[in-house]
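Using numbering that gives the first Met the number 0, you'd call the opening residue of the sequence shown number 0 and step up by one each time.
The structure appears below as structure tokens.
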Amino acid sequence: MRGSAIQDNARGIHAVSKTTLKTLRLIVPGVMTITFASLLFKSSLQDLSQFLRSLEGLLYLVIVFPIGYLYNIMNIRGPFLRDSLSLVQANIKGKLAAPFCAGNLIGAKVESLTQGRQLMHVFYSIVDNDESLKSKTQDVYQNGLLWSTTADVMAVTLFFIPVYLFAYLFKPMPHYLVVALGLCITYLFAALVLMPKVTSRHIELSNDQLDFILQRHPDELYEQLLNLASGQPVESVATPDDPKAQ
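Put into structure tokens, the structure is as follows:
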């Protein structure tokens, strides 16, 4: 009993709420952009460190949030998430429909259903109406933050690599090349190591939710799939792991 309480407390400490997730998805790209942009006007990494420490907290946030909003409005993160998001959603759609496709209307319509977002709306509607699934969503949010942050690292580093190389051509300061090399290594590590890992983890977490849905809500799932196959829409639900919902 006590061990269970300790585990619940630990989960609570590390839990990421939807509000926190959205806020951090504004802050992270803004912080990275300010850091790399500031270094262009500093003669060393030490000067950058002193500059960042000199900024007052409120002033820093005033700069960070507009950058984050612009970044999100322009959907800069989207292209770097697209492939992994497609993998996650294809897995969800396939596992939702697979048990109900044998010789019925759902099976006849399954190809068209899996092409759009209708099955994702079914998934989210069931998750949002089950308290046990909602508790599992906290882990999804936490991994979703790592997922989007990895995409942000890829986007920001890829932007600043040519910026620093061009800056070196006009003003050959040695630390420009050091930073450019560091950005190249960071981009490759994020793209080749981190992104596959966080994507795989997201699929694992969604599989846990899918197993629960198939065990506890098979009738509700069948009814919603049948309604979709018959042409009745499911109410759209926005989620933080969908770039359109950011």
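All residues carry an ideal CB built from backbone N, CA and C; glycine is no exception.
Keep in mind that this is a model prediction, so the values were computed, not measured.
Bounds of the alpha helix (DSSP H) holding Met194 are Met194 to Arg215. Looking from the CA of Val61, the closest CA among Gln117, Leu193, Gly29 and Glu203 belongs to Gly29. Judged by pairs of C-beta atoms under 8 Å, the stretch 149-162 touches the stretch 66-78, as three or more such pairs exist. Taking every protein chain shown into account, the CB of Ile184 has fewer than 16 other CB atoms within 10 angstroms, so this residue is exposed. In this chain, the alpha helix (DSSP H) harbouring Leu86 covers Gly77 to Ala96. Two segments are said to touch when three or more pairs of C-beta atoms, one from each, lie closer than 8 Å; by this definition the stretch 121-139 touches the stretch 213-223. DSSP places Phe159 inside the alpha helix (DSSP H), whose first and last residues are Glu130 to Phe169.
With distances taken between CA atoms, Leu144 lies nearest to His201 out of Asp218, His201 and Met31. Scanning Asp138, Asn128 and Phe64 for the CA closest to the CA of Arg24 turns up Phe64.
In the displayed model, Cys100 falls within coil according to three-state DSSP, outside both helix and strand.
Contact between the stretch 107-114 and the stretch 88-98 is present: three or more C-beta pairs spanning the two stretches fall below 8 Å. Residue state for Asn71 is assigned as helix, using DSSP reduced to three classes. In this structure, the beta-carbon distance from Leu80 to Val139 does not fall below 9 Å. The closest CA to that of Glu219, considering only Gly230, Asn128 and Ala179, is found on Asn128. The beta carbon of His216 sits closer than 6 Å to those of Ile125, all from its chain and outside the five residues before and after it, given in chain order.
The C-alpha of Trp146 is placed about 26 Å away from the C-alpha of Leu38.
One thing to note: Val178 has its Cβ within 9 Å of the Cβ of Phe159. Shortest Cα-Cα distance from Lys135 to any of Val87, Leu86, Phe211 and Ile26 involves Phe211. Distance from the CA atom of Pro173 to the CA atom of Thr34, rounded to whole angstroms, is 18 Å. DSSP, reduced to helix, strand and coil, places Gly29 within a helical segment of the structure shown.
Less than 9 Å divides the Cβ of Val15 from the Cβ of Gln137. In the DSSP annotation of this structure, the continuous segment of the alpha helix (DSSP H) that includes Ser124 starts and ends at Gln117 to Val126. Looking at the backbone, the Cα of Thr32 and that of Ser229 are separated by about 48 Å. If you draw a 10 Å sphere on the C-beta of Gly115, you find fewer than 16 other C-beta atoms in it, and that means exposed. The three-state secondary structure of Gly181, taken from DSSP, is helix.
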